[in-house]
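Residue numbers (our numbering): 99 to 381.
Even for Gly, the Cβ is constructed at its ideal location relative to N, Cα and C.
Single-structure report; data block below.
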């Protein structure tokens, strides 16, 4: 039985999806000329078809890089519909990138999506042509922008109200992303290390990709994350970790939800379906 699609809302991502659909449907859909693009047929390819090609597991990574590189070049040169087309083609990845952040703070979902799109567009404007793993890098930049917003929201939420009381804050106070934000505020780890842990443990960023973004070798990045996680673990299990915050008697944070959104941290560095680099064997 086919899966029924949920109705679109006025959220930033859903608005982008609706606009992308208008651009890529009808008798004259927005199309990329595949001539000269490795792995593509020599004909105009509607962006809806191009999006499906990118998502298909049989599409080689070098072909994906070439497609995204062409779309980025058109976006930078012409803007407008091509910027919408680029963002729409990469929208499934953008949704996955911020999914954990939205679960951590569902009351700020629209703000998180808007901040992710703003960071994404800023990254498009400054990226260099021919960059390897371009789609992954753009998603990384989008997540970084959304994470900054979440950390700012958590810092604001942690301030004592006019009538603070000692009480458990609204759920999901124990979500890993919120614990990481608290660790940054406490000076346990840096914001960059929190982003590394969040992106590779909670999000779907490959550790090899994170190493590329940080200009580190694979094992250097692995050790950096392990050291940061060790500091967080010692802090959380020690006497200095504040399990409860001061919260106001009235009013709710934008991160308040009625259900439990806690999610266990992923124990795998990388998913089997994702491309892997070839780090040296562990001795």
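Close Cβ partners of residue i (< 8 Å) along its chain, the five nearest in sequence each way excluded
i	result
residue 182	114, 117, 118, 121
residue 132	138, 139, 140, 141, 142, 143
residue 163	230, 231, 232, 233
residue 185	114, 118, 192, 215, 218, 219
residue 136	160, 161, 164
For residue j and residue i, the rounded distance between their alpha carbons
i	j	result
residue 229	residue 317	22 Å
residue 129	residue 312	34 Å
residue 283	residue 124	51 Å
residue 208	residue 196	11 Å
residue 153	residue 237	15 Å
residue 222	residue 337	44 Å
residue 294	residue 220	20 Å
residue 274	residue 188	26 Å
residue 127	residue 145	8 Å
residue 329	residue 206	29 Å
residue 171	residue 148	16 Å
residue 292	residue 241	12 Å
residue 225	residue 111	22 Å
residue 107	residue 323	37 Å
residue 392	residue 246	There is simply no residue 392 to check, as the chain begins at 99 and stops at 381 in what is shown.
residue 134	residue 289	42 Å
residue 263	residue 320	Confidence at residue 263 is low in this model, with a pLDDT of 48, below 50, so the placement of that residue is unreliable and no value is reported for it.
Start and end residues, alpha helix (DSSP H) containing residue i
i	result
residue 153	145-153
residue 169	159-176
residue 318	316-335
residue 295	289-295
residue 112	110-122
residue 223	207-224
residue 186	179-187
residue 283	274-283
residue 305	305-311
Run of the beta strand (DSSP E) containing residue i, from where it starts to where it stops
i	result
residue 129	129-131
Neighbourhood of residue i by C-beta distance below 7 Å, restricted to the same chain and skipping five residues each side
i	result
residue 157	151
residue 243	213, 214, 216, 217
residue 109	207, 208, 211
residue 248	199, 202, 203, 210, 275, 279
Beta-bridge partners of residue i, as assigned by DSSP
i	result
residue 142	131
Own chain, CB closer than 6 Å to residue i, minus 5 neighbours either side, in chain order
i	result
residue 298	305, 308
residue 180	172, 173
residue 166	232, 233
Distance cut-off 7 Å: residue i Cβ against heavy atoms of the ligand FAD
i	result
residue 166	As far as ligands go, the structure on display features none, and thus does not contain the ligand FAD.
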